[in-house]
Structures are given as structure tokens and as C-alpha cells.
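This note's numbering applies: residue 9 is where the sequence shown begins, and numbers increase by one.
Every residue gets a Cβ at the ideal spot worked out from N, C-alpha and C, and that includes glycine.
All remarks here apply to the structure that follows.
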Amino acid sequence: MSTPTTEPLNASQASLYQQLRAHLAELKLTTAAEHLPGVLEQAAAEGLSMTAALERLLGLEVEATEARRLAGRLRFASLPSPATLEGFDLEAAPGLDPALVNELASCRYLESATNVLLIGPPGVGKTHMAVGLARKAAEAGYRTYFTTAADLAARCHKAAIEGRWATTMRFYAGPTLLVIDELGYLPLPAEAASALFQVVSQRYLKTSIILTTNRGVGSWGEVLGDTTVAAALLDRLLHRSVVLNLDGDSYRLRAHQARADTLRRTTTGTPRPLQ
Ligand code: ADP
Ligand code: MG
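Structure, rendered in C-alpha cells:
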């Protein structure tokens with residue numbers, strides 16, 4: 009092992025140094041232990057005060073701890089894609105108010121347990137926006153979990169059969185932000201609608217939900233197979249909420265059209281609208 013200072017250490021200095029490393033290892037400050045020789049060298053070379061050297065050493069440990077926690081939160085969040093809010097093209101979503109999106113990006117809505125409802129037809133960026141907001145929340149330190157309505161229903165169904173209902177409900181109550189993607193793509197059986205209702209109820213006014221759906225709230229009775237459950241669920245979901253309507257052209261379709269236009273221009277020289 010290289011010696012940590014420019015001058016050779018005498019025996020008692022070396023033993024002190026070893027003891028310091030052992031303390032850091034015992035306290036599981038592995039990053040600080042790793043950087044100890046380097047920081048001591050810098051301290052000697054730059055004439056750092058003891059305060060400055062300690063700050064530098066522990067600063068490295070804090071940085072590594074934060075990075076590890078963030079990685080853990082992102083792993084737990086189970087985001088289905090690398091989509092980010094920064095990668096969301098607001099100009100392609102004219103129905104959206106950029107100021108509102110910025111406000112959501114600040115994560116302040118999580119402090120008031122406000123829900124976010126993203127409504128729109130397929131391909132307009134609902135999932136992208138939900139993933140981007142979930143990523144922001146995880147980055148800001150909030151416990152975040154992403155799931156789909158179908159997955160939530162399947163997991164609750166399995167839990168009921170295996171006698172783990174209470175544990176599963178606690179699981180869905182835990183995260184500060186729960187994203188439920190794709191409500192309405194598949195009709196939910198009555199049992200699933202009531203599981204969803206319970207999840208929404210137990211989070212009500214405590215923690216936020218971001219829910220995406222391709223169905224206007226008027227047809228939720230149909231989606232949930234029960235107008236009473238739908239009304240009660242909407243009551244809780246919308247009581248403190250932000251609703252974003254992402255209607256307009258599908259982004260997927262638009263990208264396809266742009267490619268087709270370019271192709272047509274390069275082959276015929278004149279752009280023509282797609283039918
Ligand atoms: P939805 O969930 O509404 O069906 P997605 O979020 O899956 O739509 O979007 C479909 C694809 O188009 C994704 O690859 C997404 O990243 C992209 N996309 C949609 N809207 C936008 C946008 N406004 N800016 C950037 N990419 C977008
Ligand atoms: Mg989607």
C-alpha cells in the first residue's frame with residue numbers, strides 16, 4: 009500500500025494511519041476509507057486545514073451514499089422506460105400548459121398529496137410524462153413506485169388467494185408517489201376495481217397517485233364495471249388533483265408521418281400530406 013503523505017511515515021504515524029482506516033472500515037465509510045490516502049496527500053500538498061481535509065473526505069462519503077440511495081430508489085421505482093421530463097417535447101403537446109408541467113417537475117404536488125390524472129388517446133405521451141415525473145420524484149428523494157392497472161389487479165388477485173391481502177395493501181400504501189399506468193386499456197373485473205378502490209382510498213389525502221388513462225372520466229363506470237365504485241373512486245382521486253389532457257395527434261403517428269414525408273420529399277422532391 010502506498011504511504012499517504014509525501015514524507016515517509018514513522019512507526020507511530022503509520023499505526024495511527026492504520027487505526028484511522030480501521031475506524032472508517034468499522035463505520036462502513038468505505039468511500040472515505042478508499043480516499044483516505046489521496047485526501048491526506050492533497051492535504052499535505054495543498055496545506056489544507058484539518059477542517060478542510062475532513063470536509064473533503066466526508067464529502068466524498070456523503071456523495072457516494074446519496075448516489076447509492078438514488079440508485080436504490082430508482083431500482084425500486086421499476087420505471088418501464090428511460091423516458092425523462094426533459095425529453096418530453098412540450099411543443100408536440102399543445103394541450104399542455106408548460107407552466108403546469110414545470111410546477112409538477114418541482115415535485116411540490118407530492119407535499120400536498122395531490123394526484124395527477126393524465127388523460128388522452130394512445131400514443132400522446134401519457135406514459136412518457138408519468139415516467140418522467142416518477143423519475144423526478146425518485147431523484148428528489150421520494151419513494152416512488154410505477155405499476156400498471158393490470159399489474160396492480162393481478163397482484164391483488166394473487167394476494168387475495170394466498171392470504172397476503174393486508175401486506176399487499178400496505179405495499180401500495182407505502183410509496184410517496186404511486187404511478188398507475190393504463191387504466192381503461194383492459195376492462196377490470198369487479199374484484200380488481202375494488203382492489204383499485206382500496207388502494208386509492210388508503211392513499212387519499214396522504215400520498216399522491218399519478219394515473220394515466222385513455223378513457224374520459226365519464227366512461228369510468230364502464231371501465232370499472234360499476235358506476236358506484238367509479239364515482240367513489242373519482243371522488244377521492246379528483247378531490248385534490250391536477251388533470252392533464254393530452255389530446256391531439258399521437259406522437260408515434262406523427263413521427264411516422266414525418267419519416268414518410270421526408271421519404272416522399274427525397275423520392276419525389278415535393279412533400280405531399282399523408283392520407
Ligand atoms: P401513451 O402512454 O399516451 O400511449 P407514450 O408515452 O407511450 O404514449 O408515447 C408513445 C411514444 O411517443 C413514446 O416513445 C414516447 O416517448 C413518445 N412521445 C409521445 N409524446 C411525446 C412528446 N410530447 N415528446 C417526446 N416524446 C413523446
Ligand atoms: Mg401508455
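Consider the C-beta atom of residue i and the heavy atoms of the ligand ADP; say whether any pair is separated by less than 8 Å.
{"i": "Phe96", "result": "yes"}
{"i": "Pro130", "result": "yes"}
{"i": "Leu254", "result": "yes"}
{"i": "Ala51", "result": "no"}
{"i": "Tyr259", "result": "yes"}
{"i": "Ala100", "result": "yes"}
{"i": "Ala263", "result": "yes"}
{"i": "Ser202", "result": "no"}
{"i": "Met58", "result": "no"}
{"i": "Met177", "result": "no"}
{"i": "Ser89", "result": "yes"}
Nearest by alpha-carbon distance to residue i: which of the options is it?
{"i": "Ala40", "options": "Gly55, Asn18, Glu63 and Leu56", "result": "Glu63"}
{"i": "Arg81", "options": "Pro195, Lys144, Asp189 and Glu199", "result": "Lys144"}
{"i": "Arg163", "options": "Pro106, Tyr150 and Val207", "result": "Val207"}
{"i": "Gly103", "options": "Leu246, Ile169 and Gly133", "result": "Gly133"}
{"i": "Trp228", "options": "Val250, Val251, Leu252 and Leu196", "result": "Leu196"}
{"i": "Glu42", "options": "Gly67, Ser57 and Ser23", "result": "Gly67"}
{"i": "Met177", "options": "Ser209, Leu191 and Glu147", "result": "Ser209"}
{"i": "Glu199", "options": "Ala148, Ala168 and Ala53", "result": "Ala168"}
{"i": "Glu147", "options": "Arg29, Leu242, Leu232 and Arg76", "result": "Arg76"}
{"i": "Ala53", "options": "Glu15, Ala142 and Phe154", "result": "Glu15"}
{"i": "Ser249", "options": "Tyr117, Val225, Ser86 and Leu17", "result": "Tyr117"}
{"i": "Phe96", "options": "Gly192, Ala113 and Phe84", "result": "Ala113"}
{"i": "Ile218", "options": "Pro90, Leu232 and Ala138", "result": "Ala138"}
{"i": "Thr122", "options": "Ala201, Glu94 and Tyr212", "result": "Tyr212"}
{"i": "Ala238", "options": "Leu160, Phe205 and Phe154", "result": "Phe205"}
Give the secondary structure of residue i by DSSP, where H, G and I count as helix, E and B as strand, and everything else as coil.
{"i": "Phe84", "result": "helix"}
{"i": "Met58", "result": "helix"}
{"i": "Ser216", "result": "strand"}
{"i": "Asn110", "result": "helix"}
{"i": "Arg280", "result": "Only weak support is given to the placement of Arg280: the predicted model assigns it a pLDDT of 43, under 50, and the value that follows is read from those uncertain coordinates. In this structure, Arg280 counts as coil in the three-state DSSP scheme."}
{"i": "Thr13", "result": "Model confidence at Thr13 stands at a pLDDT of 49, short of 50, so the residue's coordinates are unreliable and nothing is read from them."}
{"i": "Leu185", "result": "strand"}
{"i": "Leu125", "result": "strand"}
{"i": "Asp269", "result": "helix"}
{"i": "Ala75", "result": "helix"}
{"i": "Glu69", "result": "helix"}
{"i": "Ala148", "result": "coil"}
{"i": "Glu170", "result": "helix"}
{"i": "Leu141", "result": "helix"}
{"i": "Ala91", "result": "coil"}
{"i": "Asp8", "result": "Examination of residue 8 is not possible in this model, given that the chain is present from 9 through 283 alone."}
{"i": "Asp159", "result": "helix"}
Could you pull the start and end residues of the beta strand (DSSP E) that residue i belongs to?
{"i": "Leu48", "result": "Note, Leu48: premise wrong, no beta strand (DSSP E); alpha helix (DSSP H) at Thr38 to Glu54."}
{"i": "Thr156", "result": "Thr152 to Thr156"}
The ligand MG and residue i: does any heavy atom of the ligand fall closer than 8 Å to the residue's C-beta?
{"i": "Asp243", "result": "no"}
{"i": "Glu190", "result": "yes"}
{"i": "Thr155", "result": "no"}
{"i": "Thr220", "result": "yes"}
{"i": "Glu92", "result": "A small fix is needed here, since residue 92 is Thr in this sequence, not Glu. Incorrect: Thr92 has no Cβ contact closer than 8 Å to the ligand MG."}
{"i": "Lys134", "result": "yes"}
Along the chain, where does the alpha helix (DSSP H) containing residue i start, and where does it finish?
{"i": "Leu118", "result": "It is not in any alpha helix (DSSP H) - Leu118 carries neither H nor E in the DSSP assignment."}
{"i": "Val132", "result": "Counting along the chain, Val132 falls outside any alpha helix (DSSP H), and DSSP gives it neither H nor E."}
{"i": "Thr332", "result": "For residue 332 there is no data in the structure shown, the boundaries of the chain being 9 and 283."}
{"i": "Ala30", "result": "Ala19 to Glu34"}
Is the shortest distance between the beta-carbon of residue i and the beta-carbons of chain C less than 9 Å?
{"i": "Pro88", "result": "The chain inventory of the structure shown lacks chain C, comprising one protein chain alone."}
List, from N- to C-terminal side, the alpha helix (DSSP H) runs of 4 residues or more that fit wholly inside the region 188-266. Here the runs fully enclosed are 198-211, 228-232 and 235-247.
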